[in-house]
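Trainee: There's a structure below that I have some questions on.
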Amino acid sequence: MASSPAVLRASRLYPWSLKSRAQLLRSPQMKQVGRIISVPARMAATLILEPAGRCCWDEPVRIAVRGLAPEQPVTLRASLRDEKGALFQAHARYCADAHGELDLERAPALGGSFAGLEPMGLLWALEPEKPLLRLVKRDVRTPLAVELEVLEGHDPEPGRLLCRARQERDFLPPGVRREPVRAGRVRGTLFLPPEPGPFPGIVDMFGTGGGLLEYRASLLAGKGFAVLALAYYNYEDLPKTMDVLHLEYFEEAVNYLLSHPEVKGPGVGLLGVSKGGELCLSMASFLKGITAAVIINGSVANVGGTLHYKGETLPPVGVNRNRIKVTKDGYADIVDVLNSPLEGPDQKSFIPVERAESTFLFLVGQDDHNWKRPGPFPGIIDIFGIGGGLLEYRASLLAGHGFATLALAYYNFEDLPKNMDNISLEYFEEALCYMLQHPQVKGPGIGLLGISLGADICLSMASFLKNVSATVSINGSGISGNKAINYKLSSIPPLGYDLRRIKVRMAATLILEPAGRCCWDEPVLITVRGLAPEQRVTLRASLHDEKGALFRAHARYRADARGELDLERAPALGGSFAGLEPMGLLWALEPEKALVRLVKRDVRTPFAVELEVLDGHGPEPGRLLCRAQNKRDFLQPGVRREPVRAGRVRAALFLPPGKGPFPGVIDLFGSGGGLCEYRASLLAGHGFAVLALAYFRFEGLPADLNDVRLEYFEEAVDLMLQHPEVKGPSIGLLGFSKGGDLCLSMASFLKGITATVLINACVANTITPLHYKDMIIPKLVDDLGKVKITKSGFLTFMDTWSNPLEERNHQSLIPLEKAQGPFLFIVGMDDQNWKSEFYAQIASERLQAHGKERPQIICYPETGHCIDPPYFPPSRASVHAVLGEAVFYGGEPKAHSKAQVDAWQQIQTFFHKHLNGKKCVKHSKI
1 MASSPAVLRA SRLYPWSLKS RAQLLRSPQM KQVGRIISVP ARMAATLILE
51 PAGRCCWDEP VRIAVRGLAP EQPVTLRASL RDEKGALFQA HARYCADAHG
101 ELDLERAPAL GGSFAGLEPM GLLWALEPEK PLLRLVKRDV RTPLAVELEV
151 LEGHDPEPGR LLCRARQERD FLPPGVRREP VRAGRVRGTL FLPPEPGPFP
201 GIVDMFGTGG GLLEYRASLL AGKGFAVLAL AYYNYEDLPK TMDVLHLEYF
251 EEAVNYLLSH PEVKGPGVGL LGVSKGGELC LSMASFLKGI TAAVIINGSV
301 ANVGGTLHYK GETLPPVGVN RNRIKVTKDG YADIVDVLNS PLEGPDQKSF
351 IPVERAESTF LFLVGQDDHN WKRPGPFPGI IDIFGIGGGL LEYRASLLAG
401 HGFATLALAY YNFEDLPKNM DNISLEYFEE ALCYMLQHPQ VKGPGIGLLG
451 ISLGADICLS MASFLKNVSA TVSINGSGIS GNKAINYKLS SIPPLGYDLR
501 RIKVRMAATL ILEPAGRCCW DEPVLITVRG LAPEQRVTLR ASLHDEKGAL
551 FRAHARYRAD ARGELDLERA PALGGSFAGL EPMGLLWALE PEKALVRLVK
601 RDVRTPFAVE LEVLDGHGPE PGRLLCRAQN KRDFLQPGVR REPVRAGRVR
651 AALFLPPGKG PFPGVIDLFG SGGGLCEYRA SLLAGHGFAV LALAYFRFEG
701 LPADLNDVRL EYFEEAVDLM LQHPEVKGPS IGLLGFSKGG DLCLSMASFL
751 KGITATVLIN ACVANTITPL HYKDMIIPKL VDDLGKVKIT KSGFLTFMDT
801 WSNPLEERNH QSLIPLEKAQ GPFLFIVGMD DQNWKSEFYA QIASERLQAH
851 GKERPQIICY PETGHCIDPP YFPPSRASVH AVLGEAVFYG GEPKAHSKAQ
901 VDAWQQIQTF FHKHLNGKKC VKHSKI
């Protein structure tokens with residue numbers, strides 16, 4: 001190992017000492033839900049809005065009036081001006097109740113711009129003072145201000161003003177980031193959610209008006225999507241018309257989004273209205289990387305101009321301007337102008353949606369007067385065989401070719417019979433009538449499509465029922481299978497069969513228990529059956545994280561004399577690990593790209609682990625024998641996730657299923673910053689209300705780890721203790737690395753803390769001074785010149801930290817003897833970040849010297865710095881999130897993995913004992 005101070009200058013260690021703080025961002029949780037009262041003198045009535053003052057445009061507002069006379073008639077009026085000064089107004093007449101109160105969620109409007117129970121009617125009924133103006137938002141960075149007034153009486157002329165209020169309605173949700181995009185030819189604006197990514201990506205396009213409209217994309221970003229509002233003509237240096245469009249431009253936009261570091265791959269979604277919807281259909285049909293598309297009132301044919309992509313061309317569907325109609329109000333109705341893309345030469349304009357690999361959602365306005373609603377279409381009923389249930393994929397693909405297709409279940413689905421004891425054609429006759437009566441199905445007859453037993457049923461329907469025009473039978477018998485088919489007084493008996501003539505061919509089967517899905521911290525039993533006796537096989541596991549990084553592990557095994565393999569009994573013979581390791585295929589996962597650590601960024605989605613059984617032990621993968629998938633969740637069923645933006649606190653609260661209150665825990669990670677939720681979400685599944693707390697590098701928190709103030713953490717403790725589902729009078733703390741010494745400081749200075757767990761933590765304040773009220777705890781003296789570089793080129797910080805017991809460091813020692821509750825120190829004895837075992841011993845001696853209870857210390861041999869929940873691959877080295885350099889953490893994978901399983905149980909036992917007063921968690925013996 002060589003000392004190299006120059007490494008520090010090349011890294012990003014120095015920003016830790018910079019003084020930089022960002023303003024706290026507004027968030028929905030920070031908004032005070034209360035009253036806006038703006039009343040001239042002598043006015044008794046009060047207009048109340050919830051949320052008060054400000055909210056997002058797509059957020060409902062509750063409107064109430066108090067202080068009126070009993071049953072007083074009033075008129076409510078709303079108005080706003082758009083960015084060009086155009087006025088929009090709406091009004092409605094109401095009567096107060098017997099208490100002189102009016103709540104628009106309960107009181108119907110008696111007339112005006114609308115009538116009936118419409119709590120948001122004063123917004124959606126806004127009409128322009130000048131006819132034919134549309135309300136759109138051009139600059140999403142500013143809100144639209146809605147003025148609300150309560151006027152006396154129901155007269156046509158406005159009565160006396162009783163009270164008023166104002167609400168500003170935003171188009172940029174708190175924390176959403178707006179990034180103008182001028183990349184290559186692409187012109188648009190990217191909106192990113194406030195939390196750390198990656199996020200699912202969407203391209204958003206509007207219609208023939210051209211330009212760049214951002215308001216839908218900005219609002220959608222507030223729901224957790226990275227949304228690119230994309231212009232495609234009549235904007236900046238883009239073409240002025242859409243006579244000719246090239247799909248390569250849109251392909252460039254898709255590739256830009258997929259290559260963005262904050263966009264989750266491997267595919268994106270599309271959202272389009274009108275012409276934009278039709279372009280989305282074309283993109284999904286021709287381009288790669290499209291997973292889902294939402295089409296709002298779009299055409300299924302190319303409209304307006306020629307569309308080119310590589311060597312293919314879609315001409316525009318024909319137009320007959322003589323079919324334009326003029327309404328009574330003098331408006332042009334163009335619904336009949338376009339030719340049908342299902343007939344004649346215009347079929348060449350039909351978009352080949354059958355090529356698409358994405359799923360589609362069509363949102364259709366049934367009174368749309370721009371496009372004609374397609375149809376009616378020739379109808380087909382599609383029936384599968386003896387597997388039961390409802391299979392839709394064949395019907396959905398047929399619909400893409402112009403057929404209205406009914407995928408029909410007939411047993412083992414919802415409230416249908418569970419078994420196929422008998423088949424009554426009356427059920428199928430009812431389905432036939434449903435299709436013939438549907439307005440989108442062309443009569444007078446329909447077709448049938450069936451496979452296996454479904455084909456036999458189709459033949460019977462065609463034979464007994466009316467209005468069947470054509471039948472396709474796939475591998476049908478032409479006779480009744482093993483069940484009788486009945487219709488009215490007729491019955492076709494089943495064909496006889498002899499089970500002794502069945503030929504059995506054994507196939508390997510990979511069995512997981514629990515099957516299909518479980519929590520990440522839950523073990524899975526892996527067995528293989530149907531192998532040859534003593535057969536040699538290789539088991540391989542793989543998963544992709546949210547950024548698409550691939551992790552893999554493999555191990556070689558031999559089946560037993562019965563051709564079975566049980567990983568709880570059979571040792572691995574080599575590969576990523578060896579020996580009896582039932583969960584080795586998970587903890588031994590290694591990144592394809594070096595120095596990538598497996599972490600879970602979005603706990604709302606599982607990790608999907610692909611497991612494969614391959615023939616033989618050769619270095620090259622053998623023949624695939626069988627496979628299975630294990631989805632591993634980070635939110636146990638029923639666990640609730642609540643984003644927290646309260647005061648200065650930025651966090652996520654996880655609540656167990658069932659009724660509380662639950663013992664509370666605050667969970668802190670280390671010097672990487674941001675908000676890490678996966679440990680908190682898993683711990684909540686074991687009966688704890690856990691607050692995953694960020695303290696820098698997240699939303700409106702400081703960008704660097706400097707100027708740390710304990711008042712922020714005190715605010716988080718108070719928030720937990722005041723929560724109705726958190727059991728008081730105190731909570732626990734769980735901290736790792738830098739988060740550990742912060743937990744020590746919290747336990748020492750703050751009230752309401754009963755139990756504290758430290759994972760590889762220091763007993764002195766580290767990295768930056770800590771402030772609390774009038775007190776400052778200086779940081780532990782460090783010497784960055786003592787950073788060492790391993791043979792592999794990784795940084796190790798073990799020797800940079802000075803001894804906390806030296807006189808110069810006395811002020812940085814945390815006075816943990818002031819704490820009110822017990823401590824549990826989890827120690828990795830091969831921690832290469834700092835001397836965790838030495839620090840735990842200092843804590844023990846200091847507590848005993850002050851007459852306090854000795855802490856519980858559990859030391860794990862050959863275990864490194866990053867101790868995660870069970871089955872996470874041990875991170876021996878990775879690129880540090882803040883430093884941007886490869887850091888060595890220590891540990892041997894097998895020993896470290898066993899330590900993680902045991903430590904997880906120990907943590908739960910400790911918290912249950914000291915927060916619940918019970919011992920209810922079994923121990924894992926290491």
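Here full-length UniProt numbering is used: position 416 in the sequence shown is 416, and no number is missing along the way. For each residue, glycine too, the CB sits at the ideal point set by N, CA and C.
Determine whether the beta carbon atoms of F698 and G674 lie at a separation below 8 Å.
Mentor: What you label residue 698 is simply residue 698 of the sequence shown in a count that begins at 1. What you label residue 674 is simply residue 674 of the sequence shown in a count that begins at 1. In this structure, G674 lies closer than 8 Å to F698 by Cβ.
Trainee: Just checking, does the stretch 596-605 make contact with the stretch 866-880 on the three C-beta pairs under 8 Å criterion?
Mentor: With a cut-off of 8 Å, the stretch 866-880 and the stretch 596-605 count as touching, because enough Cβ pairs lie within range.
Trainee: With distances taken Cα to Cα, identify the nearest neighbour of D329 among L448, L228, L132 and E513.
Mentor: Locating residue 329 in the sequence shown gives position 329, where the first residue counts as 1. Of L448, L228, L132 and E513, the residue nearest in Cα terms is L132.
Trainee: On the DSSP letters alone, give me the boundaries of the beta strand (DSSP E) that T75 sits inside.
Mentor: Looking up residue 75 in the sequence shown gives position 75. Counting along the chain, the beta strand (DSSP E) containing T75 begins and ends at P73 to R81.
Trainee: With DSSP run on the structure shown, which of helix, strand or coil describes P591?
Mentor: Taking the sequence shown and counting its residues from 1, the one referred to as residue 591 is at position 591. Strand.
Trainee: Compute the Euclidean distance between the alpha carbons of L539 and A555, then round it to the nearest angstrom.
Mentor: Counted from its first residue, the sequence shown places residue 539 at position 539. Counted from its first residue, the sequence shown places residue 555 at position 555. Computed Cα separation, rounded: 5 Å.
Trainee: Indicate the three-state DSSP secondary structure (helix, strand or coil) for E312 in the structure shown.
Mentor: For this step, residue 312 is matched to residue 312 along the sequence shown. In the structure shown, E312 sits in a strand (DSSP, three-state: E or B).
Trainee: Helix, strand or coil for I511, going by three-state DSSP, please let me know.
Mentor: Locating residue 511 in the sequence shown gives position 511, where the first residue counts as 1. It is a strand residue.
Trainee: Have a look at the DSSP bridge pairing and note the partners of N486.
Mentor: Here residue 486 corresponds to residue number 486 of the sequence shown, with the count starting at 1. Per DSSP, S424 and S491.
Trainee: Exposed or buried, W124, counting other C-beta atoms within 10 Å across all chains shown (16 or more means buried)?
Mentor: Walking along the sequence shown from the start, residue 124 turns up at place 124. Answer is exposed; the Cβ neighbour count stays below 16.
Trainee: Could you give the distance in angstroms between the alpha-carbon of G100 and the alpha-carbon of Q72?
Mentor: One-based indexing of the sequence shown puts residue 100 at position 100. One-based indexing of the sequence shown puts residue 72 at position 72. Going by the C-alpha atoms only, they are around 7 Å apart.
Trainee: If we count the other Cβ atoms within 10 Å of its Cβ and call it buried at 16 or more, is S792 buried or exposed?
Mentor: Reading the sequence shown from its first residue, position 792 is the one you call residue 792. So S792 counts as exposed.
Trainee: Mapping DSSP to helix, strand and coil, what is W801?
Mentor: As a working mapping, residue 801 is identified with position 801 in the sequence shown. Here W801 sits in strand by DSSP.
Trainee: Using only the alpha-carbon positions, how far apart do G732 and R604 sit?
Mentor: By one-based count along the sequence shown, residue 732 stands at place 732. By one-based count along the sequence shown, residue 604 stands at place 604. Looking at the two C-alpha atoms, the distance is approximately 24 Å.
Trainee: With a cut-off of 8 Å on the beta carbons, I'd call L80 and L126 a contact; round off their distance for me.
Mentor: In the sequence shown, counting from the first residue as 1, residue 80 sits at position 80. In the sequence shown, counting from the first residue as 1, residue 126 sits at position 126. Between L126 and L80 the Cβ distance is about 7 Å, and since that is below 8 Å, they are a contact.
Trainee: Using the Cβ count rule (16 or more neighbours within 10 Å means buried), how would you classify R854?
Mentor: The residue labelled residue 854 in the question sits at position 854 within the sequence shown. With fewer than 16 Cβ atoms within 10 Å of its Cβ, R854 is classed as exposed.
Trainee: How about G201 and V150: do their beta carbons lie closer than 8 Å?
Mentor: The sequence position of residue 201 within the sequence shown is 201, counting from 1. The sequence position of residue 150 within the sequence shown is 150, counting from 1. Going by C-beta atoms, G201 is not nearer than 8 Å to V150.
Trainee: Taking 8 Å as the cut-off, decide whether the C-beta atoms of G379 and G447 are in contact.
Mentor: In the sequence shown, the residue the question calls residue 379 occupies position 379. In the sequence shown, the residue the question calls residue 447 occupies position 447. In this structure, G447 lies closer than 8 Å to G379 by Cβ.
Trainee: L425 and L465 - do their beta-carbons sit closer together than 8 Å?
Mentor: As a position in the sequence shown, residue 465 is number 465, starting the count at 1. As a position in the sequence shown, residue 425 is number 425, starting the count at 1. Yes, these two residues count as a Cβ contact at 8 Å.
Trainee: What residues in its chain sit with their C-beta under 8 Å from that of A115, if we drop five residues either side in the sequence?
Mentor: Stepping through the sequence shown from its first residue, residue 115 is reached at position 115. Once the five neighbours on either side are set aside, the close Cβ partners of A115 are A92, P108 and A109.
Trainee: I'd like to know if the stretch 162-176 and the stretch 252-270 are in contact, where contact means that at least 3 CB-CB pairs between them fall below 8 Å.
Mentor: Counting Cβ pairs under 8 Å, fewer than three are found: no touch.
Trainee: Could you give the first and the last residue of the continuous alpha helix (DSSP H) run that contains M583?
Mentor: The residue you call residue 583 lines up with position 583 of the sequence shown. Unbroken run through M583: none, as it is neither H nor E.
Trainee: Mapping DSSP to helix, strand and coil, what is A684?
Mentor: Position 684 of the sequence shown, counted from the first residue, corresponds to residue 684. In the structure shown, A684 sits in a helix (DSSP, three-state: H, G or I).
Trainee: Considering only the beta carbon of each residue, do A761 and I753 sit closer than 8 Å?
Mentor: Position 761 of the sequence shown, counted from the first residue, corresponds to residue 761. Position 753 of the sequence shown, counted from the first residue, corresponds to residue 753. Going by C-beta atoms, A761 is not nearer than 8 Å to I753.
Trainee: Three or more C-beta pairs under 8 Å: does that hold for the stretch 613-622 against the stretch 643-656?
Mentor: Too few Cβ pairs lie closer than 8 Å, so no.
Trainee: Rounded to a whole number of angstroms, what is the C-alpha to C-alpha distance between E429 and M461?
Mentor: The residue given as residue 429 occupies position 429 in the sequence shown. The residue given as residue 461 occupies position 461 in the sequence shown. In a straight line, the C-alpha of E429 is about 8 Å away from that of M461.
Trainee: Comparing alpha-carbon positions, which option in W834, A559 and F736 lies nearest D782?
Mentor: Indexing the sequence shown from 1 puts residue 782 at position 782. D782 has its Cα closest to that of W834, out of W834, A559 and F736.
Trainee: Where are the beta strand (DSSP E) runs, 3 residues long or more, that stay fully inside the stretch 199-224, in chain order?
Mentor: Counting only runs of 3 or more, we get 199-205.
Trainee: Taking 6 Å as the limit between beta carbons, can you name the residues of its chain near L567, skipping five residues before and five after?
Mentor: For the purposes of this step, residue 567 is taken as residue 567 along the sequence shown, with counting starting at 1. Answer for L567: I526 and P582, listed in chain order.
Trainee: Which value, in whole angstroms, describes the spacing of the CA atoms of H850 and E817?
Mentor: By one-based count along the sequence shown, residue 850 stands at place 850. By one-based count along the sequence shown, residue 817 stands at place 817. Distance between the alpha carbons of H850 and E817 is about 7 Å.
Trainee: Kindly indicate which three-state DSSP category Y434 falls into: helix, strand or coil?
Mentor: One-based indexing of the sequence shown puts residue 434 at position 434. Y434 falls in the helix class under three-state DSSP.
Trainee: What number of angstroms, rounded off, separates the C-alpha of E248 from the C-alpha of D545?
Mentor: Taking the first residue of the sequence shown as position 1, residue 248 is located at position 248. Taking the first residue of the sequence shown as position 1, residue 545 is located at position 545. So the two alpha carbons sit approximately 29 Å from each other.
Trainee: Which residue marks the beginning of the beta strand (DSSP E) containing R134, and which one marks its end?
Mentor: For the purposes of this step, residue 134 is taken as the residue at position 134 of the sequence shown. Counting along the chain, R134 falls outside any beta strand (DSSP E), and DSSP gives it neither H nor E.
Trainee: Which residues in the same chain as T863 place their Cβ atom closer than 7 Å to its Cβ, once the five residues preceding and following it in sequence are excluded?
Mentor: Stepping through the sequence shown from its first residue, residue 863 is reached at position 863. These residues qualify, in order along the chain: G828, M829, D830, G891, A895, H896 and A899.
Trainee: For E129, I'd like the list of residues in its chain whose CB is within less than 8 Å of its CB, leaving aside the five on either flank, ordered along the chain.
Mentor: Position 129 of the sequence shown, counting from 1, holds the residue named residue 129. A86, L87, F88 and Q89, listed in sequence order.
Trainee: Could you tell me which residues DSSP pairs with R854 in its beta bridges?
Mentor: As a position in the sequence shown, residue 854 is number 854, starting the count at 1. None, per the DSSP bridge assignment.
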